[in-house]
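Each residue of the sequence shown is one higher than the last, beginning at 42 in my numbering. Don't be surprised by glycine CBs; every beta carbon is placed ideally from N, CA and C.
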Amino acid sequence: MSRSVLHASAAAGFALLLAAAPAAAVTPDGPPPPLAQAWSLSLRTLLPLAAVVAMYTVGIWRTRPPFLHGIAGVAGLVALALAVLWPFDAWAAYALSAHVAQHMLLLALAPPLLVIARPARLLAGCVPARPRATVERYAATSMRRLEAPLGLATLVHVVVLWAWHLPAATSAALVSEPVHRLMLASVLLAGLWFWSAVLARLQTRDGAIAGALVALVTAMMLMGFLGALLTFSPRLLYPAYTDRALLAGLDALADQQLAGLLMWVPGGLPYLAVGLWLAVVWLRGVQRAAA
Numbered sequence: 042m043s044r045s046v047l048h049a050s051a052a053a054g055f056a057l058l059l060a061a062a063p064a065a066a067v068t069p070d071g072p073p074p075p076l077a078q079a080w081s082l083s084l085r086t087l088l089p090l091a092a093v094v095a096m097y098t099v100g101i102w103r104t105r106p107p108f109l110h111g112i113a114g115v116a117g118l119v120a121l122a123l124a125v126l127w128p129f130d131a132w133a134a135y136a137l138s139a140h141v142a143q144h145m146l147l148l149a150l151a152p153p154l155l156v157i158a159r160p161a162r163l164l165a166g167c168v169p170a171r172p173r174a175t176v177e178r179y180a181a182t183s184m185r186r187l188e189a190p191l192g193l194a195t196l197v198h199v200v201v202l203w204a205w206h207l208p209a210a211t212s213a214a215l216v217s218e219p220v221h222r223l224m225l226a227s228v229l230l231a232g233l234w235f236w237s238a239v240l241a242r243l244q245t246r247d248g249a250i251a252g253a254l255v256a257l258v259t260a261m262m263l264m265g266f267l268g269a270l271l272t273f274s275p276r277l278l279y280p281a282y283t284d285r286a287l288l289a290g291l292d293a294l295a296d297q298q299l300a301g302l303l304m305w306v307p308g309g310l311p312y313l314a315v316g317l318w319l320a321v322v323w324l325r326g327v328q329r330a331a332a
């Protein structure tokens, strides 16, 4: 790709962010809570999370999945709790970097871990023995239908990421609790759909794995591009965080740069790790076919 095309793409990205920049949102009254008190304990969050924890706990206990699957499920639940209960949800009201860290947990870390634990089988393990086979079959069929459109899942994954990082959307989520809940739910669902579709290709033919690799590279590159825009922007793109960052003792521009780095580097690691895993599986399949 030529340098002029890269410059034009960067300019278009900056223009999109700047054109959507809103006025600063309402600022909190005081500084952010200390780490020990940075809890977000509302019933709207606790009840769904408790249901998911119960499903995974009962499912793991009854079905006795492989050790790595069980560990992945537990790690996914921990990542989910860090994002919505403590501490990132509370801190995201003050720092864009915490906001981005929360989104990376919901979009890129918790979903693949939860999917690796095979939620359809765990869900079936939560029901009595007699209807269990029927529930597992129905859940597996539903998962296969959800996993089929990899291209659409990738598109939604990327669009949700970019849409919620438009300054207007970020500001709206800061001042409106319903918008905030919608943001978190859509980010998590987009992550679950994408990673379900990607990891399902491990059970299919080699050509499908190649498609999953393309999807991973595409999502990682577009996430990295957005992270680079935030990191190298010479001006503040999110005025809603100007006064909020000051309350937290942060420089808003430096906080924005840190947010970009979090999205650009750590945020891309799950995509890279799963991509390498898929590549190894793919190459082994090619070697077996050639033998």
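State buried or exposed for residue 211, treating a residue as buried only when at least 16 other CB atoms are found within 10 Å of its CB.
Taking the sequence shown and counting its residues from 1, the one referred to as residue 211 is at position 170. Answer is buried; the Cβ neighbour count reaches 16.
Between 128, 98 and 90, which has its C-alpha nearest residue 76's C-alpha?
Numbered from its first residue, the sequence shown carries residue 76 at position 35. For residue 76, the nearest C-alpha among the options comes from 128.
Our contact map puts residue 158 next to residue 110 with C-beta atoms below 8 angstroms; I'd like the distance itself, whole angstroms only.
In the sequence shown, residue 158 corresponds to position 117, counting from 1. In the sequence shown, residue 110 corresponds to position 69, counting from 1. Indeed they touch by this definition, with Cβ atoms about 5 angstroms apart.
Taking just the CA atoms, how far does residue 286 sit from residue 296?
The residue labelled residue 296 in the question sits at position 255 within the sequence shown. The residue labelled residue 286 in the question sits at position 245 within the sequence shown. If you take the alpha carbons of residue 296 and residue 286, they lie about 8 angstroms apart.
So which of 226, 223, 214 and 245 has the shortest CA-CA distance to residue 185?
Taking the sequence shown and counting its residues from 1, the one referred to as residue 185 is at position 144. Nearest C-alpha to residue 185: 245.
Report, in whole angstroms, the separation of the C-beta atoms of residue 126 and residue 182, which I expect to be a contact under 8 angstroms.
In the sequence shown, the residue the question calls residue 126 occupies position 85. In the sequence shown, the residue the question calls residue 182 occupies position 141. Rounded, the Cβ-Cβ distance is 33 angstroms, inconsistent with contact.
Proximal residues to residue 310 (C-beta, below 6 angstroms), its chain only, five neighbours per side dropped:
Counted from its first residue, the sequence shown places residue 310 at position 269. Excluding sequence neighbours, residue 310 sits near nothing in its chain.
May I ask you to report which of helix, strand or coil DSSP gives residue 138?
Position 97 of the sequence shown, counted from the first residue, corresponds to residue 138. Helix at residue 138.
Residue 233 (DSSP reduced to helix, strand or coil):
Here the question's residue 233 lines up with position 192 in the sequence shown. Of the three classes helix, strand and coil, the one that applies to residue 233 here is helix, per DSSP.
As a quick exercise: from 203, 268 and 313, pick the residue whose alpha carbon is nearest that of residue 254.
For the purposes of this step, residue 254 is taken as the residue at position 213 of the sequence shown. Among 203, 268 and 313, the Cα nearest to that of residue 254 is on 313.
Taking C-alpha atoms, which residue in 291, 130 and 146 lies nearest to residue 118?
In the sequence shown, counting from the first residue as 1, residue 118 sits at position 77. Checking every option, the nearest Cα to that of residue 118 belongs to 146.
Integer-rounded CB distance, given that residue 151 should sit under 8 angstroms from residue 124
Sequence index remark: in the sequence shown, residue 124 carries index 83 (1-based). Sequence index remark: in the sequence shown, residue 151 carries index 110 (1-based). That belief holds up - the Cβ atoms of residue 124 and residue 151 are roughly 7 angstroms apart, short of 8 angstroms.
Could you work out which residue in 90, 163 and 93 is closest to residue 107 when comparing CA atoms only?
Taking the first residue of the sequence shown as 1, we reach residue 107 at position 66. Ranking the options by Cα distance to residue 107, first place goes to 163.
Residue range of the alpha helix (DSSP H) that residue 296 falls in?
Numbered from its first residue, the sequence shown carries residue 296 at position 255. 293 to 305 is the span of the alpha helix (DSSP H), which, as asked, contains residue 296.
Separation of residue 102 from residue 143, as counted between CA atoms
Along the sequence shown, read from residue 1 onward, the residue named residue 143 stands at position 102. Along the sequence shown, read from residue 1 onward, the residue named residue 102 stands at position 61. Looking at the two C-alpha atoms, the distance is approximately 29 angstroms.
Are the CB atoms of residue 250 and residue 294 nearer to each other than 8 angstroms?
Looking up residue 250 in the sequence shown gives position 209. Looking up residue 294 in the sequence shown gives position 253. Against a cut-off of 8 angstroms, the Cβ pair of residue 294 and residue 250 comes out as no contact.
May I ask which residues mark the beginning and end of the alpha helix (DSSP H) holding residue 104?
On the sequence shown, residue 104 is found 63 positions in, with the first residue counted as 1. Element bounds for residue 104: 84 to 104.
Extent of the continuous alpha helix (DSSP H) to which residue 315 belongs:
As a first step, residue 315 is located in the sequence shown; it is residue number 274 there, counting from the start. Counting along the chain, residue 315 sits inside the alpha helix (DSSP H) bounded by residues 310 to 331.
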